[in-house]
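*Asks:*
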Amino acid sequence: MKVKINNREYEFDQEISILDATKKAHIKIPTLCYSEKLEPFGSCRLCSVEIKGERTLKPACVTKITDGMEIFTHSQRVRKTRKTIMELIIASHGINCNLNCLTCSKSGSCEIKEVAEEIGVTEIRVPPISNGLPEDRSSYSIVREPQKCIVCNRCVRKCSEVQSVNILTIANRGPDTYVTTFMDKGMGNVDCTNCGQCILECPTGALHEVYQMDQVWAALSDESKYVIVQTAPAVRVAIAEEFGAEPGKIATKQMVAGLRLLGFDKVFDTNFAADLTIMEEANEFIERFKNNGKLPLFTSCSPGWVKFLEHNYPEFIDNLSSCKSPQQMFGAIAKTYYANKLGISKEDTVVVSVMPCTAKKFERVRSEMKGDVDYVLTTRELAKMFKLAGIDLLNVPQEEYDEPLGISSGAGAIFGATGGVMEAALRTAYEVITGKELEKLDFEAVRGIEGIKEATVEIDGINLKVAIVNGLGNARKVLEMIKNGEKELQFVEFMACPGGCIGGGGQPIPTNNEILLKRMQAIYEVDRSLPIRKSHENPAIKTLYKEFLEEPLSEKSHELLHTTYLARS
Numbered sequence: 003m004k005v006k007i008n009n010r011e012y013e014f015d016q017e018i019s020i021l022d023a024t025k026k027a028h029i030k031i032p033t034l035c036y037s038e039k040l041e042p043f044g045s046c047r048l049c050s051v052e053i054k055g056e057r058t059l060k061p062a063c064v065t066k067i068t069d070g071m072e073i074f075t076h077s078q079r080v081r082k083t084r085k086t087i088m089e090l091i092i093a094s095h096g097i098n099c100n101l102n103c104l105t106c107s108k109s110g111s112c113e114i115k116e117v118a119e120e121i122g123v124t125e126i127r128v129p130p131i132s133n134g135l136p137e138d139r140s141s142y143s144i145v146r147e148p149q150k151c152i153v154c155n156r157c158v159r160k161c162s163e164v165q166s167v168n169i170l171t172i173a174n175r176g177p178d179t180y181v182t183t184f185m186d187k188g189m190g191n192v193d194c195t196n197c198g199q200c201i202l203e204c205p206t207g208a209l210h211e212v213y214q215m216d217q218v219w220a221a222l223s224d225e226s227k228y229v230i231v232q233t234a235p236a237v238r239v240a241i242a243e244e245f246g247a248e249p250g251k252i253a254t255k256q257m258v259a260g261l262r263l264l265g266f267d268k269v270f271d272t273n274f275a276a277d278l279t280i281m282e283e284a285n286e287f288i289e290r291f292k293n294n295g296k297l298p299l300f301t302s303c304s305p306g307w308v309k310f311l312e313h314n315y316p317e318f319i320d321n322l323s324s325c326k327s328p329q330q331m332f333g334a335i336a337k338t339y340y341a342n343k344l345g346i347s348k349e350d351t352v353v354v355s356v357m358p359c360t361a362k363k364f365e366r367v368r369s370e371m372k373g374d375v376d377y378v379l380t381t382r383e384l385a386k387m388f389k390l391a392g393i394d395l396l397n398v399p400q401e402e403y404d405e406p407l408g409i410s411s412g413a414g415a416i417f418g419a420t421g422g423v424m425e426a427a428l429r430t431a432y433e434v435i436t437g438k439e440l441e442k443l444d445f446e447a448v449r450g451i452e453g454i455k456e457a458t459v460e461i462d463g464i465n466l467k468v469a470i471v472n473g474l475g476n477a478r479k480v481l482e483m484i485k486n487g488e489k490e491l492q493f494v495e496f497m498a499c500p501g502g503c504i505g506g507g508g509q510p511i512p513t514n515n516e517i518l519l520k521r522m523q524a525i526y527e528v529d530r531s532l533p534i535r536k537s538h539e540n541p542a543i544k545t546l547y548k549e550f551l552e553e554p555l556s557e558k559s560h561e562l563l564h565t566t567y568l569a570r571s
């Protein structure tokens, strides 16, 4: 079909939205409520365009092109309307826009500010409007500031359409419309999984993580405390984005140097604990498989996924691996094995985690694991701390992690991407079961950002049926199929966030599919670059078992590295 856009003719093979058509024509139309990962909604009307013969402007995101249509994307009428709409949106965005910019939680670029500049809004002619709604600080992970909300519904749609959690909703009508939770109970009192995907969608900073930067600054200033930090695999391939680098830049050694400059006593790697997790989880799977234990085995390193299952599918709790996540395993080892080596008491040892995940903030206070980790910073929070300390991350000298809890394998690194836990476990399980060296380490069938992947892996004549699932909406689909007997699997990796940890709720904004793929490629580059690529070959892990844990699944291992779960109402 042929369409005219701004008096130039274009031809398209199929009926698509005006917004998609203008993108193909390399014409940018401003949007706020639109997100490429969500169904078009058309609520903000900023993408309105003029169509010849139509009396009213039409939202480009939900209006389809038709043959012979003539579209004007930036006519005088369109520009004037967009400006008015934007002024009204900003007026509802808190008490005072300039003050909000000083107190805003948005990291990096501010979407609403960028769109306002793009449209040409230089002054606000509409008196600011306050909705008078209080902040929601009921959650251990996420804060809601309704005063900053423009009711674009992106958080609501992400929570329902992608994650199928459905804890956010719209209340009231007209100018009294606002986003809330069931009965206004607050995010900490409903079935929120703390995944933080709503934060990644919010264009105004009305949603952000519960900050723990001040507590970490205080710990670093306390001379009586020995402060240890661990960094998750997905952080090193994303944090540089906060300093203007392209997505996927590997900034591991610069990050280590920056953390030392902040004053941490030791800088360690969560990848070490990922290797430890594989030692326990791979052996747990082998034990269950050989002894007719509960299968399929579900991975347990994603706390958002674990909480989702506890709320929605408690009948599958026994399928969860009893292994703690790498974050919690690290804390348990740091406060026992490592603290004992240094002669430091557990009480004087402070463990700080830097994670791509907001759900880790909730995980650290779970009663089953409380005390392993003291504070959790997101990737965004660490970037803020670097900037506050005047640390130019991209230009600091590169440094290595401390030993022994900074020694890790490539298998630990790939935990950061969906499919990585499965691949790391298979590398170890194969060699433990067969006693032979694995010739090809890369399990390509479990890689990629597809929401659901399945593979059959042959180990010593046994065909293992495995699945890799990322995103809680996809988790629901797979659990329903298992529940109904439609899927027969032995091992399933579940991750709460699309793309796995690289797409976590604590990562730099924006996080879209293009960025996810670049971060994922970097994760596998880290794996390929390391001399050790199997968890069971990590010398520090071998020493840990020899000196302290004895063997995987030992009594000591179960005491420190394993946990239980509960059915949540």
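So the sequence shown is numbered by this note's numbering: it starts at 3 and just counts up by one. A virtual CB, placed ideally from N, CA and C, is assigned to each residue, including glycine. If you're wondering where the values come from, they're calculated on a predicted model, not measured in any experiment.
(1) Residues in the same chain with beta-carbon distance under 6 Å from P554, minus the five sequence neighbours each way, listed in chain order, please.
(2) When you compare each of Y142, K6 and E405 to L344 by their alpha carbons, which one comes out closest?
(3) Note the first and the last residue of the continuous beta strand (DSSP E) segment covering T179.
(4) Exposed or buried, Q78, counting other C-beta atoms within 10 Å across all chains shown (16 or more means buried)?
(5) Going by alpha carbons, who is nearest to F291 out of S45, K30, I464 and F14?
(6) Alpha carbon to alpha carbon, how far is R570 from T183?
(7) Nearest-angstrom Cα distance between I511 and G70?
(8) Taking the alpha-carbon of M424 as reference, which of K389, S302, L474 and V528 has the nearest alpha-carbon?
(9) Looking at F300 and L264, is the spacing between their C-beta atoms short of 9 Å?
(10) Run through the segment 289-364 for me and flag every whole alpha helix (DSSP H) of 4 or more residues, listed as ranges in chain order.
(11) What is the C-beta distance between K227 and V356, in whole angstroms, given that I count them as a contact (C-beta under 8 Å)?
(12) By a C-beta neighbour count over all protein chains shown, 10 Å radius and 16 as the cutoff for buried, is A276 buried or exposed?
(13) Using only alpha-carbon positions, find the residue among A336, P298 and D138 that is nearest to L466.
(14) In whole angstroms, what is the alpha-carbon distance linking S559 and E539?
(15) I want to know whether the segment 202-215 touches the segment 244-258 - three or more CB-CB distances under 8 Å.
(16) With a cut-off of 8 Å on the beta carbons, I'd call I67 and V5 a contact; round off their distance for me.
(17) Answer yes or no: do I409 and Y340 have a C-beta to C-beta separation smaller than 9 Å?
(18) Determine which residues share a DSSP beta bridge with M497 and list them.
(19) Cβ of V269 within 8 Å of any heavy atom in the ligand HEM?
(20) Using the three-state DSSP reduction, which class does S19 fall into: helix, strand or coil?
(21) Measure the Cβ-Cβ separation of Y526 and A413 and say whether it is below 9 Å.
(22) Alpha carbon to alpha carbon, what distance is there between T436 and I201?
(23) Counting C-beta neighbours from all protein chains within 10 Å, is the total for N476 16 or more, i.e. buried, or is it exposed?
(24) I'd like the list of long-range same chain contacts for R127, defined as Cβ closer than 8 Å, with 5 residues on each side in sequence excluded.
(25) Nearest by alpha-carbon distance to L428: which of T360, F493, M522 and P235 is it?
(26) So, helix, strand or coil for A247, using DSSP?
(27) How is I169 classed by DSSP in three states: helix, strand or coil?
(28) By the DSSP assignment, the beta strand (DSSP E) with I73 in it spans what residues?
(29) Identify which residue in A334, V480 and I53 has its Cα closest to the Cα of A498.
(30) Tell me A457's beta-bridge partners as DSSP assigns them.
(31) If I measure Cβ to Cβ from T380 and keep anything under 6 Å in the same chain, skipping five residues before and after, which residues do I get?
(32) Using 10 angstroms around the beta-carbon of A220, count the other beta-carbons present and answer buried if the total reaches 16, otherwise exposed.
(33) Compute the distance between the beta-carbons of L443 and V468, then report whether it is under 9 Å.
(34) Since S411 is in the alpha helix (DSSP H), which residue starts that stretch and which ends it?
(35) What residue range is occupied by the uninterrupted beta strand (DSSP E) comprising H210?
(36) Do you know whose CA, among R81, Q165, A524 and D320, lies nearest V471's CA?
*Replies:* To lay it out plainly:
(1) What you label residue 554 is simply residue 552 of the sequence shown in a count that begins at 1. So the list reads M281, E282 and N285, once near-sequence residues are dropped.
(2) One-based indexing of the sequence shown puts residue 344 at position 342. Ranked by Cα distance from L344, the first of Y142, K6 and E405 is E405.
(3) Taking the sequence shown and counting its residues from 1, one reaches residue 179 at position 177. First-last for T179: undefined, no H or E at that position.
(4) As a working mapping, residue 78 is identified with position 76 in the sequence shown. Answer is exposed; the Cβ neighbour count stays below 16.
(5) Residue 291 sits at position 289 when you count from the first residue of the sequence shown. The candidate whose alpha carbon is nearest that of F291 is I464.
(6) Indexing the sequence shown from 1 puts residue 570 at position 568. Indexing the sequence shown from 1 puts residue 183 at position 181. Going by the C-alpha atoms only, they are around 18 Å apart.
(7) What you label residue 511 is simply residue 509 of the sequence shown in a count that begins at 1. What you label residue 70 is simply residue 68 of the sequence shown in a count that begins at 1. Roughly 38 Å between the two C-alpha positions.
(8) On the sequence shown, residue 424 is found 422 positions in, with the first residue counted as 1. Taking only the C-alpha atoms, the option nearest M424 is S302.
(9) As a first step, residue 264 is located in the sequence shown; it is residue number 262 there, counting from the start. As a first step, residue 300 is located in the sequence shown; it is residue number 298 there, counting from the start. No. Outside cutoff.
(10) 305-314, 328-335 and 341-344
(11) As a working mapping, residue 227 is identified with position 225 in the sequence shown. As a working mapping, residue 356 is identified with position 354 in the sequence shown. Their Cβ separation, rounded to whole angstroms, is 18 Å, which puts K227 and V356 out of contact at 8 Å.
(12) Looking up residue 276 in the sequence shown gives position 274. So A276 ends up on the buried side.
(13) Reading the sequence shown from its first residue, position 464 is the one you call residue 466. Cα-wise, what sits closest to L466 is P298.
(14) In the sequence shown, the residue the question calls residue 559 occupies position 557. In the sequence shown, the residue the question calls residue 539 occupies position 537. Roughly 18 Å separates the two Cα atoms.
(15) In this structure the segment 202-215 does not lie against the segment 244-258, because fewer than three pairs of beta carbons, one per stretch, are closer than 8 Å.
(16) For the purposes of this step, residue 67 is taken as residue 65 along the sequence shown, with counting starting at 1. For the purposes of this step, residue 5 is taken as residue 3 along the sequence shown, with counting starting at 1. That pair is a contact at about 5 Å.
(17) Numbered from 1 along the sequence shown, position 407 holds the residue referred to as residue 409. Numbered from 1 along the sequence shown, position 338 holds the residue referred to as residue 340. Contact flag unset, no.
(18) Taking the sequence shown and counting its residues from 1, one reaches residue 497 at position 495. M497 is bridged to N472.
(19) In the structure on display, the ligand HEM does not appear, and there are no ligands present to speak of.
(20) For the purposes of this step, residue 19 is taken as residue 17 along the sequence shown, with counting starting at 1. If DSSP states are grouped into helix, strand and coil, S19 belongs with the strands.
(21) For this step, residue 526 is matched to residue 524 along the sequence shown. For this step, residue 413 is matched to residue 411 along the sequence shown. Cβ distance not < 9 Å, so Y526 and A413 don't count as in contact.
(22) Here residue 201 refers to the residue found at position 199 when the sequence shown is read from its first residue. Here residue 436 refers to the residue found at position 434 when the sequence shown is read from its first residue. If you take the alpha carbons of I201 and T436, they lie about 45 Å apart.
(23) Working through the sequence shown from its first residue, we reach residue 476 at position 474. Buried.
(24) Against the sequence shown, residue 127 aligns to sequence position 125. If we look at R127 and ignore the five residues flanking it on each side, its Cβ neighbours are E89.
(25) By 1-based counting over the sequence shown, the position of residue 428 is 426. If you compare the alpha carbons of T360, F493, M522 and P235 with that of L428, the shortest gap goes to F493.
(26) Here residue 247 corresponds to residue number 245 of the sequence shown, with the count starting at 1. In the structure shown, A247 sits in coil (DSSP, three-state: anything other than H, G, I, E or B).
(27) By one-based count along the sequence shown, residue 169 stands at place 167. DSSP places I169 in coil when its eight states are reduced to three.
(28) Within the sequence shown, the letter at position 71 stands for residue 73. That run of the beta strand (DSSP E) goes E72 to F74.
(29) Here residue 498 refers to the residue found at position 496 when the sequence shown is read from its first residue. Nearest option by C-alpha distance: V480.
(30) Position 455 of the sequence shown holds residue 457. In DSSP, A457 forms a bridge with V468.
(31) Within the sequence shown, numbered from 1, the residue matching residue 380 stands at position 378. Around T380: E211 and G508.
(32) As a position in the sequence shown, residue 220 is number 218, starting the count at 1. By the 10 Å Cβ count, A220 comes out exposed.
(33) The residue given as residue 443 occupies position 441 in the sequence shown. The residue given as residue 468 occupies position 466 in the sequence shown. No, Cβ-Cβ distance for L443 and V468 is not below 9 Å.
(34) In the sequence shown, counting from the first residue as 1, residue 411 sits at position 409. From DSSP, S411 is part of no alpha helix (DSSP H); its letter is neither H nor E.
(35) Within the sequence shown, the letter at position 208 stands for residue 210. H210 -> beta strand (DSSP E) spans L209 to E211.
(36) Counting from 1 along the sequence shown, the entry for residue 471 is found at position 469. Comparing Cα positions, the closest option is Q165.
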